[in-house]
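Step one of this worksheet: look at the structure below.
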Amino acid sequence: MKTLLPGTALLVVIALGGTSCGDGTSDPKLPPQLEFSTQIIDMVLEREALVDLVNTGGQAVGPVQIQPGLVRDQSGATVAGSRVLASPGEIPTLNPGQGSTVELTLSLPGTLQPGQYDAVVTARAESGTRAELVLHFLVPTDEQEAAATLVIGPIPGDLRRGDVAALSVEVRDTLGALLEGAEVTWSVGPAGAGFVGGNGQFVGYASGTATLTARSGSAADTVSIEVLERGVEGTFTLVGQGEERARYTSDLWLAGGYAYTGTWSTRATVDGFHSGNTMYAWDVANPALPVKVDSVRINARTVNDVKVRADGTLAVITHEGSDDGLNGVTLLSLADPAHPTLVGRFDDRLQPGVHNTWLEGDYAYLVVDGIGSGLRILDISDPAQPRLAASYYAGTSFLHDVYVRDGLAFLAHWNAGLVILDVGNGVAGGSPESPVEVSRLWNLGGETHNAWYWPGAGYVFVGEEDFGTPGRMHVVDVRNVREPREVATFQVPGQTPHNFWLDEDREILYLAWYGQGIRALDVSGELLGELDRQGREIAGLRYSPGPGVCDRTGDDTCTWAPQLYRGLVWVADMNNGLLALQPSF
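Just so you know, numbering that gives the first Met the number 0 puts 566 at position 567 of the sequence shown, and the rest follows in order with no gaps.
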């Protein structure tokens with residue numbers, strides 16, 4: 000392996016931290032504000048660079064301490080003995096508009112393996128004012144050091160925001176020989192114009208001209224790509240509502256001309272407290288006025304999930320907080336879909352509570368509450384006499400949800416991430432009676448909440464229910480199901496996502512986003528990067544007034560789950576009940 004020795008070339012990219020007034024002036028009312036200059040520097044035969052630190056605020060600041068940056072590799076591990084040093088290390092005073100030149104020196108213990116590294120230099124004052132300078136640098140391989148010329152291949156035309164273009168690169172040495180193993184790094188300008196993946200896939204974030212530069216060692220090439228608007232738009236129109244104000248509404252499922260909704264926790268109303276112990280049946284023949292035609296009350300404090308089997312003959316509802324401590328699930332016959340009838344209750348090894356479920360053929364996949372519980376698979380070929388067929392636990396965290404399709408079970412396993420089981424697909428020899436783990440992807444931000452598999456495209460849409468960040472939707476590529484990898488994300492400011500539904504024919508994903516309502520997302524084509532920056536959101540609707548934070552007070556929008564049914568998007572809203580929306584796009 001080649002190591003970095005004194006005098007070897009490094010590519011260093013320096014990015015600014017902090018903000019400025021934007022017009023070059025300093026408002027005396029503004030507090031001090033530190034800002035590093037933005038530069039891209041090729042450090043050849045040197046390990047030094049000069050940058051400026053400027054006070055762009057309206058008041059003096061000082062003393063300013065400039066703290067060395069630790070060098071980290073791509074995994075985030077610190078490289079022992081390595082530092083980015085700053086001189087001077089302290090600036091006594093910076094008046095408004097005043098700057099000071101800082102010399103940065105890369106100090107290494109002697110050698111580094113080829114690869115990409117970064118460091119952060121911080122300028123900090125006692126007032127709390129600070130700025131950060133992020134440095135990225137590359138230790139070249141033999142091939143990169145030998146690179147003499149680099150050429151980016153043909154440029155695609157008519158590229159819209161969100162479309163992915165695979166760019167090819169040829170790197171050759173001084174004799175013109177092709178360097179197959181040369182690593183290429185990319186940069187995109189202006190800031191925010193787009194993103195380039197490690198294999199040269201470019202996706203545009205903004206319309207206009209994007210400038211792409213590819214580098215390998217000292218060789219480089221730059222091209223321009225014109226990015227057009229994506230041009231997708233539409234609206235949702237509220238066409239009907241079945242109000243439910245006594246209880247919070249949880250999940251929903253529609254089949255056979257009826258909707259079935261669960262209830263959640265305890266709701267205080269003017270006439271007392273009402274537990275989430277009920278499943279409601281709604282006649283939706285007239286979407287403008289859904290009619291509650293029946294209900295099933297069970298021993299629970301929450302009916303978190305409701306599922307109907309594909310043949311429309313059987314439903315299952317989940318128990319949490321049962322008075323008898325048994326919890327489990329209740330199976331319902333839908334021979335008369337307007338009036339579900341009790342088939343039986345099953346609670347063996349389900350006592351902690353069942354949070355979510357999925358029905359697939361003769362099996363019910365049950366998510367059992369609590370760390371150490373995991374998945375239970377129930378044989379329901381005879382619904383009156385269910386049988387526990389199998390169990391699975393990922394070894395850490397708790398399980399939150401499950402989605403089953405094509406013999407694969409996708410487990411949203413909270414902080415254990417996304418776990419994929421073979422339950423009849425054949426890829427790992429598993430079955431519903433003997434599930435086998437195929438793969439897992441843990442690094443999805445934690446709090447992995449739900450998953451929806453799209454086999455036609457090879458994607459899994461994964462929800463992250465993190466109210467603090469807030470969370471986002473992650474797109475996981477499972478075209479190689481043994482090596483799942485995250486390729487894209489989508490987020491809506493202010494709240495976290497909940498449940499999803501996919502229209503595969505039109506390639507539109509519907510996402511429930513709590514206080515931010517229902518969102519429709521164009522998921523056509525290759526998916527890469529930050530989808531919320533690509534003009535892919537077709538429509539979003541907050542259908543009730545309020546602060547948009549889903550605090551379960553009043554009638555604020557609090558979207559739990561969507562389902563596309565007979566041309567309408569039906570929504571379960573925690574505060575409001577059942578809603579019918581007409582998508583126009």
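Even for Gly, the Cβ is constructed at its ideal location relative to N, Cα and C.
N-terminal and C-terminal residue of the beta strand (DSSP E) that residue i is part of
| i | result |
| --- | --- |
| Gln-64 | 63–66 |
| Ala-284 | Run containing Ala-284: none; DSSP gives neither H nor E here. |
| Asn-94 | Careful: Asn-94 lies outside any beta strand (DSSP E) and carries neither H nor E. |
| Tyr-509 | 507–511 |
| Gly-207 | 207–215 |
| Gly-114 | 114–124 |
| Val-83 | 77–86 |
| Glu-359 | 353–359 |
| Tyr-364 | 362–367 |
| Thr-558 | 558–564 |
| Phe-345 | 340–345 |
| Thr-55 | Counting along the chain, Thr-55 falls outside any beta strand (DSSP E), and DSSP gives it neither H nor E. |
| Gly-547 | Neither: Gly-547 is in no beta strand (DSSP E) and is coded neither H nor E. |
| Asp-504 | It is not in any beta strand (DSSP E) - Asp-504 carries neither H nor E in the DSSP assignment. |
| Glu-536 | 536–540 |
| Tyr-402 | 400–404 |
| Trp-569 | 567–572 |
Between the CA atoms of residue j and residue i - distance to the nearest angstrom
| i | j | result |
| --- | --- | --- |
| Ala-487 | Asp-400 | 21 Å |
| Gln-38 | Val-305 | At Gln-38 the pLDDT is 47, less than 50, meaning the model places this residue with poor confidence; the figure from the coordinates comes in the next sentence. Cα to Cα, the separation comes out at about 56 Å. |
| Ser-19 | Gln-32 | Low per-residue confidence applies at Ser-19: pLDDT is 35, beneath 50, and the placement is therefore not dependable enough to give any value. |
| Gln-581 | Thr-260 | 20 Å |
| Asn-574 | Ala-267 | 12 Å |
| Val-290 | Trp-569 | 14 Å |
| Pro-492 | Pro-561 | 19 Å |
| Ala-602 | Ile-154 | There is no way to answer for residue 602, as the model of the chain reaches only from 0 to 584. |
| Pro-113 | Val-78 | 13 Å |
| Gln-515 | Thr-552 | 15 Å |
| Ala-309 | Leu-443 | 31 Å |
| Arg-246 | Val-459 | 32 Å |
| Ser-380 | Ala-388 | 11 Å |
| Glu-529 | Ala-209 | 16 Å |
| Ala-284 | Ala-579 | 11 Å |
| Leu-634 | Ala-219 | Summary: the structure shown does not reach residue 634, with the chain confined to residues 0 through 584, and so no result is reported for it. |
| Ala-85 | Thr-121 | 10 Å |
| Thr-140 | Gln-350 | 57 Å |
| Leu-111 | Ala-213 | 23 Å |
| Gly-207 | Ser-186 | 17 Å |
| Ser-543 | Gln-494 | 16 Å |
| Asn-54 | Ser-106 | 27 Å |
| Asp-41 | Glu-482 | Low per-residue confidence applies at Asp-41: pLDDT is 47, beneath 50, and the placement is therefore not dependable enough to give any value. |
| Gly-175 | Ile-151 | 15 Å |
| Ala-363 | Gly-256 | 23 Å |
| Tyr-509 | Ser-396 | 28 Å |
| Asp-323 | Asn-355 | 20 Å |
| Asp-157 | Gly-203 | 12 Å |
| Phe-201 | Asp-162 | 8 Å |
| Leu-178 | Thr-148 | 10 Å |
| Thr-556 | Ala-190 | 35 Å |
N-terminal and C-terminal residue of the alpha helix (DSSP H) that residue i is part of
| i | result |
| --- | --- |
| Gln-143 | 141–145 |
Beta-carbon proximity check, residue i vs residue j, cutoff 8 Å
| i | j | result |
| --- | --- | --- |
| Val-307 | Leu-330 | no |
| Ala-408 | Pro-434 | yes |
| Ala-280 | Ala-337 | yes |
| Met-278 | Ser-294 | yes |
| Gln-143 | Gly-56 | no |
| Glu-319 | Arg-348 | no |
| Asn-298 | Thr-317 | no |
| Phe-489 | Arg-471 | yes |
| Tyr-402 | Ala-450 | yes |
| Leu-577 | Gly-241 | yes |
| Leu-398 | Ser-438 | no |
| Leu-49 | Thr-100 | yes |
| Ala-287 | Val-238 | yes |
| Leu-377 | Tyr-391 | no |
| Ala-511 | Leu-251 | no |
Distance cut-off 7 Å: residue i Cβ against heavy atoms of the ligand SAM
| i | result |
| --- | --- |
| Ile-419 | With respect to small molecules bound, the structure shown includes none, and the ligand SAM cannot be examined in it. |
Worksheet item: Three or more C-beta pairs closer than 8 Å, one from the segment 157–169 and one from the segment 124–133: is that the case here?
Response: Contact fails: fewer than three Cβ-Cβ distances are below 8 Å.
Discussion item. As an exercise, report each continuous beta strand (DSSP E) stretch of at least 3 residues that is fully enclosed by the segment 161–199, in chain order.
Written reply: Fully enclosed beta strand (DSSP E) runs of no fewer than 3 residues occupy 163–165, 168–171, 184–188 and 193–195 of the segment 161–199, in order along the chain.
Item to complete: Quick one: which unbroken alpha helix (DSSP H) runs of 4-plus residues sit fully inside the segment 220–274? Chain order, please.
Response: Not a single unbroken stretch of the alpha helix (DSSP H) spanning 4 or more residues falls wholly within the segment 220–274.
Worksheet item: What are the complete beta strand (DSSP E) segments, minimum 3 residues, inside the segment 419–497?
Response: Counting only runs of 3 or more, we get 435–440, 447–453, 458–463, 472–476 and 484–489.
Discussion item. Tell me whether the segment 420–433 and the segment 453–461 touch, counting them as touching only if at least three CB pairs, one residue from each stretch, are closer than 8 Å.
Written reply: No: the two stretches stay apart, fewer than three of their Cβ pairs being nearer than 8 Å.
Worksheet item: Can you find at least 3 beta carbon pairs, one from the segment 415–430 and one from the segment 476–486, that sit closer than 8 Å?
Response: Verdict: yes, contact present.
Worksheet item: Are the segment 90–98 and the segment 49–64 touching by the rule of at least three beta carbon pairs closer than 8 Å?
Response: Yes, since at least three Cβ pairs between the segment 90–98 and the segment 49–64 fall closer than 8 Å, the two stretches touch.
Fill in: At least three beta-carbon pairs within less than 8 Å, the segment 535–544 to the segment 514–524
Yes, the segment 535–544 touches the segment 514–524.
Discussion item. Does the structure place the segment 226–234 close enough to the segment 548–567 that three or more beta carbon pairs sit under 8 Å?
Written reply: No: fewer than three Cβ pairs fall under 8 Å.
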